[in-house]
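*Asks:*
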Amino acid sequence: MTNPQPDDEAPRTDSSDTEVVSRARAVVPGGAQTGLRAQAYDCGDVAFESADGATLTTVEGEELTDYHLAFGPILLGHGHPEVDSAVRETIDRGVLYGAGTTELEAEVAERLADLLPSVEMVNFCNSGSEATYHAIRLARAHTGNEKLLKFEGCYHGWHDYVDVSVYPPAEALGDVDGGPERKPFAESDGMLSSAVENTVVVPFNNPEALREAMEIHGDELAGVILEPVLHSVGCLRPTDEFVAVLDAETSERDVPLIFDEVITAFRHAAGGMQSELGVSPDLTCVAKAMGNGYPVAAVGGRRELLAQAGGDNESGVVISGTYSGHPVGLSAAKATLDIVASEEVPELLADLGDRYRAGLRDLLDDHGIEGRVVGFRSIFSLQFGVTGEPRDYEDVAGLDEERFREFAQGMRDRGHFFTPNPYKRHHLSLAHGDEDLAAYLDDADEALMEM
Ligand SMILES: Cc1ncc(COP(=O)(O)O)c(C=O)c1O
Numbered sequence: 310m311t312n313p314q315p316d317d318e319a320p321r322t323d324s325s326d327t328e329v330v331s332r333a334r335a336v337v338p339g340g341a342q343t344g345l346r347a348q349a350y351d352c353g354d355v356a357f358e359s360a361d362g363a364t365l366t367t368v369e370g371e372e373l374t375d376y377h378l379a380f381g382p383i384l385l386g387h388g389h390p391e392v393d394s395a396v397r398e399t400i401d402r403g404v405l406y407g408a409g410t411t412e413l414e415a416e417v418a419e420r421l422a423d424l425l426p427s428v429e430m431v432n433f434c435n436s437g438s439e440a441t442y443h444a445i446r447l448a449r450a451h452t453g454n455e456k457l458l459k460f461e462g463c464y465h466g467w468h469d470y471v472d473v474s475v476y477p478p479a480e481a482l483g484d485v486d487g488g489p490e491r492k493p494f495a496e497s498d499g500m501l502s503s504a505v506e507n508t509v510v511v512p513f514n515n516p517e518a519l520r521e522a523m524e525i526h527g528d529e530l531a532g533v534i535l536e537p538v539l540h541s542v543g544c545l546r547p548t549d550e551f552v553a554v555l556d557a558e559t560s561e562r563d564v565p566l567i568f569d570e571v572i573t574a575f576r577h578a579a580g581g582m583q584s585e586l587g588v589s590p591d592l593t594c595v596a597k598a599m600g601n602g603y604p605v606a607a608v609g610g611r612r613e614l615l616a617q618a619g620g621d622n623e624s625g626v627v628i629s630g631t632y633s634g635h636p637v638g639l640s641a642a643k644a645t646l647d648i649v650a651s652e653e654v655p656e657l658l659a660d661l662g663d664r665y666r667a668g669l670r671d672l673l674d675d676h677g678i679e680g681r682v683v684g685f686r687s688i689f690s691l692q693f694g695v696t697g698e699p700r701d702y703e704d705v706a707g708l709d710e711e712r713f714r715e716f717a718q719g720m721r722d723r724g725h726f727f728t729p730n731p732y733k734r735h736h737l738s739l740a741h742g743d744e745d746l747a748a749y750l751d752d753a754d755e756a757l758m759e760m
């Protein structure tokens, strides 16, 4: 039997982006590889042909300045020559061995251990979700406990262990029985209820709630996981008090602390946020900016925790994956990390980010529009209908979604691309510069005026 073909309404031709998208819609659920990617269609069809530096080109030949950067991995710009040529050299030698090791594995693991202060050993995988999955399994094996404490609004990947209370609806907000916790909200149908029930959800940046939740659940926790700067809903920066309580409570109670640095590591600081917050997590997850767009990720951490996966001790944690330590991702990581370590990339981008934020704030003031510009270093978000520095998910949940989509459409029409999802963020890369900044602010001025 032959495979079913798309119906007549989705002809297999490529002459315009609309046709590409309609072909995709016929055979791909939602017409894109994830629901979040499909949201780009809110600002019109978008099918990409190529990417170079800070520029995306659609199949129709439209050029867009890219502030999406694939949700953050593209740190050095699309098609960075040193990264791409490292990958090409690797491919010429051989792509996958699936037994023993390669010199690259040791080199990149050493590099991660050098850069990230808490990391002694490393296991590679291919996505941030895999990294958090492995970290939690290691933490569960180490403690013998099942419950995981996570914070409302943090995203740690798509798997059942963590896809809980990322964007909880209003009815899921509020304390459970007057206590410190929130009712865990399953983000997807089809999730294992025991995974959801074993998640203790606490509001971000609330030291008191954290302290109380640790008092209640400390003995039954496998770990505490968080994004050290919470970017899954724009940008929530942790307060000093929150960080101090997090550090004290996890270390005094001997509960493994897992830093999900999938967005923050190498983008915000070569040593991750752990190099600045004065906290030494037990486990760290990295991905995204580590490979400048190539699929590569890792879980790293204390020797005692990682060694459980060594296959030579009694606890025997299984970490597996046909493509783990893939030479393509690792050669991209090696080249990217070399550049990050030697060229002060996070610092350069932080300065550019400050100028985008300052410009946007001036524009909101000039136009008398209620809103705020939030962000950290190379990441920023414009949020309408809300003011003040947000501290937790509830401070973000009331933003004006429709107005943001209007702004995204206005900017898309003027050649600037970012996801119209109002909870997401703009990213900057080394390929962005003063000209992009000036063009962005001029066009934002017009787009805001139109609104
Ligand atoms: C903080 C954080 N952790 C984990 C993940 C999951 O990574 P991946 O999409 O590579 O599975 C993401 C993805 O956006 C993320 O932002």
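So the sequence shown is numbered by this note's numbering: it starts at 310 and just counts up by one.
Every residue, glycine too, gets a C-beta built ideally from N, C-alpha and C.
These figures come from a predicted structure and were not determined experimentally.
Please state the DSSP three-state secondary structure of Q692.
*Replies:* In this structure, Q692 counts as strand in the three-state DSSP scheme.
*Asks:* Relative to the C-alpha of A418, which residue among V595, E710, M758 and G694 is closest?
*Replies:* Residue V595 is the option with its Cα nearest to A418.
*Asks:* DSSP state of K597, grouped into three classes?
*Replies:* helix
*Asks:* Below 6 angstroms CB to CB, which residues in the same chain sit around D469 once its five sequence neighbours on both sides are set aside?
*Replies:* M500, L501 and A504
*Asks:* With respect to 7 angstroms, is the separation between the Cβ of T441 and the closest non-hydrogen atom of ligand 1 below this value?
*Replies:* yes
*Asks:* I'd like to confirm the pairing. Which residues does DSSP put opposite C434 in its beta bridges?
*Replies:* A606
*Asks:* Give, in chain order, every unbroken run of the beta strand (DSSP E) that is at least 3 residues long and sits entirely within the stretch 618-695.
*Replies:* Assignment of beta strand (DSSP E) within the stretch 618-695, counting only whole runs of 3 or more residues, yields 680-685 and 688-693 in chain order.
*Asks:* Answer yes or no: do I383 and S651 have a C-beta to C-beta separation smaller than 8 angstroms?
*Replies:* Against a cut-off of 8 angstroms, the Cβ pair of S651 and I383 comes out as no contact.
*Asks:* With ligand 1 as the reference, list in chain order each residue whose Cβ lies under 6 angstroms from any of its heavy atoms.
*Replies:* F380, S436, G437, S438, T441, Y464, H465, G466, E536, S541, D569, V571, I572 and A596
*Asks:* So is I567 buried or exposed if we call it buried at 16+ other beta carbons inside 10 Å?
*Replies:* Result: buried.
*Asks:* Could you have a look at H451 and say whether DSSP puts it in helix, strand or coil?
*Replies:* helix
*Asks:* Counting Cβ pairs, one atom from each stretch, are 3 or more of them under 8 angstroms apart for the stretch 651-670 and the stretch 687-696?
*Replies:* yes
*Asks:* Near Q314, what residues of its chain come up, given a Cβ to Cβ distance below 6 angstroms and the 5 sequence neighbours on each side ignored?
*Replies:* Unreliable positioning characterises Q314 in this predicted model, as indicated by a pLDDT of 41, which lies under 50. A coordinate reading is not provided.
*Asks:* Using three-state DSSP, classify T374 as helix, strand or coil.
*Replies:* strand
*Asks:* Excluding sequence positions up to five away, which residues of its chain have a Cβ less than 7 angstroms from the Cβ of R449?
*Replies:* E455 and A531
*Asks:* Check the C-beta distance from D472 over to S497 and give it rounded, since I have them as a contact under 8 angstroms.
*Replies:* Taking a contact as a CB-CB distance under 8 angstroms, the pair D472 and S497 counts as one, their CB atoms being some 6 angstroms apart.
*Asks:* By the three-class DSSP mapping on this structure, what secondary structure does E461 have?
*Replies:* coil
*Asks:* Starting from I567, trace the beta strand (DSSP E) both ways and give me its first and last residue.
*Replies:* L566 to D569
*Asks:* Hey, is the stretch 723-734 in contact with the stretch 543-559, meaning 3+ C-beta pairs nearer than 8 angstroms?
*Replies:* By the Cβ test, the stretch 723-734 is in contact with the stretch 543-559, since at least three Cβ pairs between them sit closer than 8 angstroms.
*Asks:* Quick check on this structure: which residue in L405, S427 and E412 has the alpha carbon closest to the alpha carbon of L615?
*Replies:* S427
*Asks:* Could you tell me which whole alpha helix (DSSP H) segments of length 4 or greater appear in the stretch 385-420?
*Replies:* 390-402
*Asks:* Give every residue of the same chain whose Cβ lies closer than 6 angstroms to the Cβ of W467, excluding the five residues on either side of it in the sequence, and list them in chain order.
*Replies:* Counting only Cβ-Cβ distances below 6 angstroms, and skipping sequence neighbours, we find S438.
*Asks:* According to the Cβ coordinates, are V608 and A444 closer than 8 angstroms?
*Replies:* Cβ distance < 8 angstroms, so V608 and A444 count as in contact.
*Asks:* Return the first residue and the last residue of the alpha helix (DSSP H) that I525 is part of.
*Replies:* P516 to H526
*Asks:* With a cut-off of 8 angstroms on the beta carbons, I'd call I534 and K597 a contact; round off their distance for me.
*Replies:* Not confirmed; about 17 angstroms, so no contact.
*Asks:* Would you decide whether A747 is buried or exposed? Buried here means 16 or more other CB atoms lie within 10 Å of its CB.
*Replies:* exposed
*Asks:* Sort A706, E755 and E524 by Cα distance to A717 and report the nearest one.
*Replies:* E755
*Asks:* Taking all protein chains shown into account, decide if D569 is buried (16 or more other Cβ within 10 angstroms of its Cβ) or exposed.
*Replies:* buried
*Asks:* Identify which residue in H577, A363, L539 and R520 has its Cα closest to the Cα of A557.
*Replies:* R520
*Asks:* Tell me the rounded alpha-carbon separation between D671 and G403.
*Replies:* 52 angstroms
*Asks:* Which residue marks the beginning of the alpha helix (DSSP H) containing G381, and which one marks its end?
*Replies:* G381 -> no alpha helix (DSSP H), and no H or E assigned at all.
*Asks:* Would I400 be called buried (16 or more neighbouring beta carbons within 10 Å of its own) or exposed?
*Replies:* exposed
*Asks:* Please tell me whether N432 has its Cβ less than 8 angstroms away from any Cβ of chain C.
*Replies:* Of the protein chains in this structure there is only one, and it is not chain C.
*Asks:* When the Cα atoms are used, what is the spatial distance from G677 to F713?
*Replies:* Distance between the alpha carbons of G677 and F713 is about 16 angstroms.
*Asks:* I'd like to check one pair, L592 with L424: are the Cβ atoms closer than 8 angstroms?
*Replies:* No; because the gap between Cβ atoms is not below 8 angstroms, this pair is not in contact.
*Asks:* Short of 6 angstroms in beta carbon distance, which residues of its chain neighbour R721, apart from the five on each side in sequence? Order them along the chain.
*Replies:* C352
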